[in-house]
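Q: Encoded as structure tokens, here's the structure I'll be asking about.
Numbering (the working numbering), first residue to last: 47 to 369.
Below is the structure:
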């Protein structure tokens, strides 16, 4: 593409009804180019590969003005801070004042400087949450972070849970409900959305609210926010339960086979995925001669022995295995 000065001259000629020979030649040349032959280079220029004609250029270079030739140079010259995160109420954009009364060289500050830094810290903490909404968000995100650590879920789940809670706060879904209940339901929804198998029982264990309230709040929030969450696949629980019971991969494979075959017959509809997976693991352990008691499996899956016994009977009958 021609430079800005040339473009302005062309605009003036068009206003006077004139057209230069160069402009006519350029227009004819561009008309003859097949769009499929155009290639975008690493610098952002659009060129015709065969002739080398530059069709588009002068793109804005959004990279740094400095150059670095290895990782250490890149790290030393970089001037960016920590990435923006949804897990902090201010997205990590505010200033952080260290609590150590030392300067950049590690030397202790004078008494006057220490009192000045103390006042700065105090006001920094005050202005970080300027209203009740931000205080609400700060407490809720700290709860999500605490529960995520206890459950051992990855960072991506914490980010998604924080986004869900922010949406619930924006839609005023918190009114009349506890902050802990909504934050726990947001974390449970994030686990399901990210495909991280965590049951309601496991989530309620690390929460400060009861399982019934979590389930009720989760259904309300997911419906109001339009969260499209698929039913939990019982096979997602099999590796974790089998590992806790010290069972082999053969048992895991057999349990997945039992789940697939019985689910095709419609047995999974309306059943708890954790209980269904636990029963399949119990049946697979018997078939593979790695017997585990119903009590052992129930403790790991956090379901009752009655649930395992009922699901087990349904599964072996559906597969035609004599009990």
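All C-beta atoms in this analysis are idealised placements derived from N, C-alpha and C, irrespective of residue type, glycine included.
Taking the alpha-carbon positions, what's the residue 248 to residue 361 distance?
A: If you take the alpha carbons of residue 248 and residue 361, they lie about 25 Å apart.
Q: Report the rounded CA-to-CA distance for residue 274 versus residue 268, giving the unit in angstroms.
A: Their Cα atoms are separated by approximately 8 Å.
Q: For residue 135, does the count of other Cβ atoms within 10 angstroms reach 16, so buried, or fall short, so exposed?
A: When all chains shown are included, residue 135 counts as buried.
Q: Taking the C-alpha atoms as reference points, what is the distance between residue 67 and residue 110?
A: Confidence is the limiting factor: at residue 67 the pLDDT is only 46, short of 50, which leaves the residue's position unreliable, though a coordinate-based value still follows. In a straight line, the C-alpha of residue 67 is about 40 Å away from that of residue 110.
Q: Within 10 Å of its beta-carbon, does residue 140 have 16 or more other beta-carbons around it, so buried, or fewer, so exposed?
A: The residue is exposed, with fewer than 16 neighbouring Cβ atoms inside 10 Å.
Q: What residue range is occupied by the uninterrupted beta strand (DSSP E) comprising residue 199?
A: Unbroken run through residue 199: none, as it is neither H nor E.
Q: Where does residue 135 fall in DSSP's three states?
A: It is coil, neither helix nor strand.
Q: So, with DSSP's three-state summary, where would you put residue 168?
A: It is helical.
Q: Taking just the CA atoms, how far does residue 217 sit from residue 272?
A: For residue 272 and residue 217, the distance between alpha carbons rounds to 12 Å.
Q: Going by beta carbon distance, what residues of the same chain come within less than 7 Å of residue 365, once the five residues before and after it are set aside?
A: Hits under 7 Å: 304, 307 and 308.
Q: CB-CB under 8 Å to residue 337, same chain, minus the five flanking residues each way: which ones, in chain order?
A: Answer for residue 337: 331, listed in chain order.
Q: Spatial neighbours of residue 340 within its chain, please: C-beta separation below 7 Å, excluding the five flanking residues on both sides.
A: Contacts found: 328, 351, 354 and 355.
Q: Could you give the uninterrupted runs of the alpha helix (DSSP H) lying entirely in the segment 330-361, keeping only those of 4 residues or more?
A: Segments of the alpha helix (DSSP H) lying fully in the segment 330-361: 340-347.
Q: Mind the definition here: the segment 185-205 touches the segment 154-168 only if three or more C-beta pairs lie below 8 Å; say whether that holds.
A: Segments in contact, no.
Q: Pick from 90, 316, 96 and 88: whose alpha carbon is nearest that of residue 78?
A: Here the closest residue by C-alpha is 96.
Q: Taking the C-alpha atoms as reference points, what is the distance between residue 297 and residue 334?
A: Near 6 Å, if we compare the C-alpha coordinates of residue 334 and residue 297.
Q: Out of curiosity, what's the CA-to-CA distance linking residue 124 and residue 116?
A: If I take the Cα positions, the gap works out to 12 Å.
Q: Between 188, 302, 363 and 84, which lies nearest to residue 208 when the distance is taken from Cα to Cα?
A: Nearest of 188, 302, 363 and 84 to residue 208, Cα basis: 188.
Q: Starting from residue 93, follow the beta strand (DSSP E) in both directions and report where the run begins and ends.
A: Where residue 93 is concerned, the enclosing beta strand (DSSP E) stretches over 92-94.
Q: Which stretch, first to last residue, makes up the beta strand (DSSP E) that contains residue 278?
A: Residue 278 -> no beta strand (DSSP E), and no H or E assigned at all.
Q: Quick one, which of 258, 300, 145 and 180 has its alpha-carbon nearest residue 166's?
A: The residue with the shortest Cα to Cα distance from residue 166 is 145.
Q: Apply the 10 Å Cβ neighbour rule to residue 244 and answer buried if 16 or more other Cβ atoms are within range, or exposed otherwise.
A: So residue 244 counts as buried.
Q: Which residue comes first and which comes last in the alpha helix (DSSP H) that contains residue 262?
A: Residue 262 -> alpha helix (DSSP H) spans 257-271.
Q: Just how far apart, CA to CA, sit residue 176 and residue 130?
A: The alpha-carbon atoms of residue 176 and residue 130 are separated by roughly 20 Å.
Q: Let me know the secondary structure DSSP gives residue 294 once reduced to three states.
A: In this structure, residue 294 counts as coil in the three-state DSSP scheme.
Q: Assign residue 358 to one of two classes, buried (16 or more other C-beta atoms within 10 Å of its C-beta) or exposed (fewer than that).
A: So residue 358 ends up on the buried side.
Q: Could you tell me which of 300, 278 and 302 sits nearest to residue 318, measuring between CA atoms?
A: Cα-wise, what sits closest to residue 318 is 278.
Q: How would you label residue 119, buried or exposed, when you count the other beta carbons within 10 angstroms and need 16 or more for buried?
A: So residue 119 counts as exposed.
Q: Kindly list the residues whose CB is nearer than 7 Å to the CB of residue 240, restricted to its own chain and excluding five residues on each side of it in sequence; keep chain order.
A: Result list for residue 240: 202, 203 and 206, in chain order.
Q: Where do the N-terminal and C-terminal ends of the beta strand (DSSP E) with residue 246 fall, by residue?
A: Counting along the chain, residue 246 falls outside any beta strand (DSSP E), though it belongs to the alpha helix (DSSP H) covering 246-252.
Q: List the endpoints of the continuous alpha helix (DSSP H) containing residue 113.
A: First-last for residue 113: undefined, no H or E at that position.
Q: Which same chain residues end up closer than 7 Å to residue 346 when comparing Cβ atoms and leaving out the 5 residues on each side of it in sequence?
A: Within the same chain, residue 346 has close Cβ partners 287, 290 and 291.
Q: Given the structure, does residue 98 come close to the ligand HEM, in the sense that its CB is under 8 Å from one of the ligand's heavy atoms?
A: No copy of the ligand HEM appears in this structure; indeed no ligand is present at all.
Q: Let me know if residue 81 comes out buried or exposed under the rule of 16 or more other beta-carbons within 10 Å of its beta-carbon.
A: With fewer than 16 Cβ atoms within 10 Å of its Cβ, residue 81 is classed as exposed.
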